[in-house]
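K.L.:
Every letter in the sequence shown is one number past the one before it in UniProt numbering, and letter 43, counting from 1, is 43.
Pasting a structure here, questions to come.
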Amino acid sequence: MTTTVNLDALDLSALLCSRICHDVISPIGAIVNGLEVLEDDNDPSMRDFALDLIRKSARTASARVQFVRIAFGAAGSAGASIDLADAEKVSRAMYADEKTQLSWSAPQALFPKNKVKLLLNLVVIAATSIPRGGTIDVKVSGDGDAPAFVLRSKGSHARIPPHVEELIAGTPEGGTVDSHGIVPYYSGLVARAAGMGVTFTLEDGEVIIRSHPLAASAEPAAPSAPASSEDARPSDSSPPDTLLA
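Rendered as structure tokens:
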């Protein structure tokens with residue numbers, strides 16, 4: 001018998017914070033190391049190396065923060081929508097310096113925020129399905145009412161991540177969720193809030209993640225009526241035009 005796990009707000013926020021810290025600690029640590037070299041070494045070649053390290057690490061840290069701000073963050077007010085172009089921008093920046101190559105095909109449209117958050121979390125899961133790197137092909141079709149997401153991951157040793165289906169369903173093995181499983185668990189929460197289902201298949205060495213609306217969608221598309229004063233406030237989902245150089 002499977003047991004559904006419902007994390008309380010404190011545990012959920014703690015695990016998400018732990019995941020975010022895990023993503024940004026490496027480039028931040030590299031920036032600190034580069035600054036120490038600048039302070040202690042006067043050799044021109046070492047200083048050039050340190051500056052290059054700081055520049056690349058700052059760019060990586062900025063890209064990761066921008067990505068998780070949409071994937072895990074509030075993304076504006078209740079009922080807000082997010083431009084798929086912003087989702088593509090932060091996804092490409094997230095994996096720009098990685099061994100994973102990302103291709104993206106999606107309409108130019110605003111989608112309900114939970115559906116975009118689900119898409120970004122599925123991109124993360126797709127990346128974990130190819131631990132030695134490879135390609136991820138993201139395709140979005142349909143509209144905000146009834147979108148369809150298909151993500152195909154291909155690379156050496158591609159596999160469906162362990163326990164990911166149970167975590168998305170909210171029934172993790174052992175009845176617990178840790179920081180390693182928080183992304184698929186959170187993806188399941190967002191999927192259910194958005195009225196979307198998620199399935200995984202492994203075909204010819206390629207992991208395919210599909211997400212379609214359930215019979216009764218829990219989240220309507222963003223309304224076309226004029227925005228209220230609350231909805232008109234700046235959205236947290238809009239990334240800056242440029243990353244740190």
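Beta carbons are placed, not taken as given, at the ideal position from N, Cα and C, and that holds for glycine.
1) Within a Cβ cutoff of 6 Å, which residues of the same chain sit near K154, ignoring the five residues on either side of it in sequence?
2) Check whether the Cβ atoms of Y95 and L84 sit closer than 8 Å, and answer yes or no.
3) How about F72 and L16: are their beta carbons less than 8 Å apart?
4) Whose CA, out of V124, N6, A30 and P112, lies closest to the CA of residue 305?
5) Can the beta-carbon of V164 be found closer than 8 Å to that of I125?
6) Could you tell me the distance, in whole angstroms, from the CA atom of K139 to the CA atom of T128?
7) So A191 and L118 are supposed to be a Cβ contact under 8 Å. How far apart are they, rounded?
8) Spell out a yes or no on whether the region 143-151 and the region 108-123 are touching, meaning 3 or more CB-CB pairs, one atom from each, closer than 8 Å.
9) Nearest-angstrom Cα distance between D52 and W104?
10) Mapping DSSP to helix, strand and coil, what is Q108?
11) To which residues of the same chain is T201 closer than 6 Å at the C-beta, ignoring the five residues directly before and after it?
12) For M196 versus H180, is the C-beta distance shorter than 8 Å?
13) Can you list, in chain order, the residues of its chain with a C-beta nearer than 7 Å to that of S224? Leave out the 5 residues immediately preceding and following it.
14) To the nearest angstrom, how far is it from the Cα of A8 to the Cα of V183?
15) Could you please give the first and the last residue of the uninterrupted alpha helix (DSSP H) stretch that includes L122?
P.N.:
Based on what the coordinates show:
1) As a first step, residue 154 is located in the sequence shown; it is residue number 154 there, counting from the start. The residues are G134, T135 and E206.
2) Walking along the sequence shown from the start, residue 95 turns up at place 95. Walking along the sequence shown from the start, residue 84 turns up at place 84. Result no, Cβ atoms of Y95 and L84 do not sit closer than 8 Å.
3) Position 72 of the sequence shown holds residue 72. Position 16 of the sequence shown holds residue 16. Contact: yes.
4) The question about residue 305 has no answer here: the residues shown for the chain are numbered 1 through 245.
5) Position 164 of the sequence shown, counted from the start, is the residue given in the question as residue 164. Position 125 of the sequence shown, counted from the start, is the residue given in the question as residue 125. It is a contact, given that the beta carbons lie within the stated cut-off.
6) Within the sequence shown, residue 139 is the residue found at index 139, counting from 1. Within the sequence shown, residue 128 is the residue found at index 128, counting from 1. One C-alpha to the other measures close to 18 Å.
7) What you label residue 191 is simply residue 191 of the sequence shown in a count that begins at 1. What you label residue 118 is simply residue 118 of the sequence shown in a count that begins at 1. With a Cβ gap of about 5 Å, A191 and L118 count as contacting.
8) yes
9) For this step, residue 52 is matched to residue 52 along the sequence shown. For this step, residue 104 is matched to residue 104 along the sequence shown. So the alpha carbons of these two residues sit roughly 29 Å apart.
10) For this step, residue 108 is matched to residue 108 along the sequence shown. Of the three classes helix, strand and coil, the one that applies to Q108 here is coil, per DSSP.
11) Numbered from its first residue, the sequence shown carries residue 201 at position 201. Taken in chain order, the residues that qualify are I208.
12) Counting from 1 along the sequence shown, the entry for residue 196 is found at position 196. Counting from 1 along the sequence shown, the entry for residue 180 is found at position 180. Against a cut-off of 8 Å, the Cβ pair of H180 and M196 comes out as no contact.
13) The sequence position of residue 224 within the sequence shown is 224, counting from 1. Model confidence at S224 stands at a pLDDT of 44, short of 50, so the residue's coordinates are unreliable; what they give is reported in the following sentence. Closer than 7 Å at the Cβ level, and outside the excluded window around S224, lies no residue.
14) Stepping through the sequence shown from its first residue, residue 8 is reached at position 8. Stepping through the sequence shown from its first residue, residue 183 is reached at position 183. The amino acid at residue 8 is misidentified as Ala; the sequence shows Asp. Roughly 16 Å separates the two Cα atoms.
15) The residue given as residue 122 occupies position 122 in the sequence shown. Segment K113 to T128, the alpha helix (DSSP H) holding L122.
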